[in-house]
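Using UniProt numbering, you'd call the opening residue of the sequence shown number 1 and step up by one each time.
The C-beta atom is built at its ideal place from N, Cα and C for all residues, glycine as well.
First up is the structure itself, then whatever we jot down about it.
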Amino acid sequence: MSVAGIRAWAARHAERRRYSPVGIAFHWIMAALVIFQLGWGWYAGRLMAGGDKLHAYEVHSAVGLPILILAIGRLVWRIVIPGPENDADRQGVQTQIAYAIHYIFYLCFFGLPLSGWAMWSSVAEPGPLYLAGVLPWPQLPFHDLPLETRWQIMSAAESVHHVLVLVLFVTVPLHVGAALKHHFWDRHDVLRGMLPEIPDDVDPRPASEHKPRDPGILGT
Numbered sequence: 001m002s003v004a005g006i007r008a009w010a011a012r013h014a015e016r017r018r019y020s021p022v023g024i025a026f027h028w029i030m031a032a033l034v035i036f037q038l039g040w041g042w043y044a045g046r047l048m049a050g051g052d053k054l055h056a057y058e059v060h061s062a063v064g065l066p067i068l069i070l071a072i073g074r075l076v077w078r079i080v081i082p083g084p085e086n087d088a089d090r091q092g093v094q095t096q097i098a099y100a101i102h103y104i105f106y107l108c109f110f111g112l113p114l115s116g117w118a119m120w121s122s123v124a125e126p127g128p129l130y131l132a133g134v135l136p137w138p139q140l141p142f143h144d145l146p147l148e149t150r151w152q153i154m155s156a157a158e159s160v161h162h163v164l165v166l167v168l169f170v171t172v173p174l175h176v177g178a179a180l181k182h183h184f185w186d187r188h189d190v191l192r193g194m195l196p197e198i199p200d201d202v203d204p205r206p207a208s209e210h211k212p213r214d215p216g217i218l219g220t
């Protein structure tokens, strides 16, 4: 299928203020992986040095590298296939804050795997890396650098990694809270457009009219 054909296919979803199935898959798969990584990284960081800690970081890297691949694919898809315009795109300052948080997410989606890759590649004897625990993944070319330089790379990458993790611990709850606020309070269609669609012939619920809440209720 050509790019024009893909755009036309996605446009049919956007006309109904829905994201395309590909966009929805990117969103929820990456959300699940990121939440897992936050929990698993916290767990791995509290293990005592040894085999269990090494194995935990191997799992962490095996899950982190697919996030990098998915982030590249998602960014390309977003550039080629714009998302729909929904109620949340007409909220003034709130909309600008939401856009800023999305940019921060992309910074984290790229920065965390890349900094983790740099950390793993800068240790004295880096072990093998695997994409999703299956496909071999190359080390960054740090092996021939002086030991002091590698330690500096490790320290810088670790600092970046920790800062971006803290950023996610703040922005993820903000994103979830905003989505719930838009759905339940504002009665906007943004969350509905990101959920998998149930065909009318298998949906037992009666149809409901879409009625966004009047923003004047908040005095804005």
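According to DSSP, is residue i helix, strand or coil?
i	result
proline 113	helix
proline 66	helix
tyrosine 106	helix
leucine 54	helix
leucine 180	helix
proline 141	coil
Look at the alpha carbon of residue i and the alpha carbon of residue j, and state the distance between them as a whole number of angstroms.
i	j	result
valine 63	proline 141	21 Å
leucine 47	methionine 1	49 Å
tryptophan 77	phenylalanine 109	15 Å
arginine 18	proline 196	9 Å
arginine 192	tyrosine 130	36 Å
proline 66	proline 138	14 Å
valine 163	glycine 41	13 Å
alanine 8	proline 21	13 Å
glycine 5	glutamine 37	36 Å
aspartate 144	tryptophan 117	16 Å
methionine 119	alanine 56	15 Å
isoleucine 97	glycine 133	36 Å
So, using beta-carbon positions, are residue i and residue j closer together than 8 Å?
i	j	result
glycine 73	glycine 23	no
valine 80	valine 3	yes
leucine 68	proline 128	no
tyrosine 106	alanine 71	yes
histidine 60	alanine 49	no
With hydrogens ignored, establish whether the beta-carbon of residue i is closer than 7 Å to any heavy atom of the ligand MG.
i	result
glutamine 37	No copy of the ligand MG appears in this structure; indeed no ligand is present at all.
Quick test of your reading: residue i and residue j, contact by CB under 8 Å. State the CB separation rounded to the nearest angstrom.
i	j	result
valine 160	serine 115	4 Å
threonine 149	isoleucine 104	Not really, about 30 Å apart at Cβ, beyond 8 Å.
Using CA coordinates, which residue listed in the options is at the minimum distance from residue i?
i	options	result
alanine 179	Ser121, Ile101, Thr149, Leu38	Ile101
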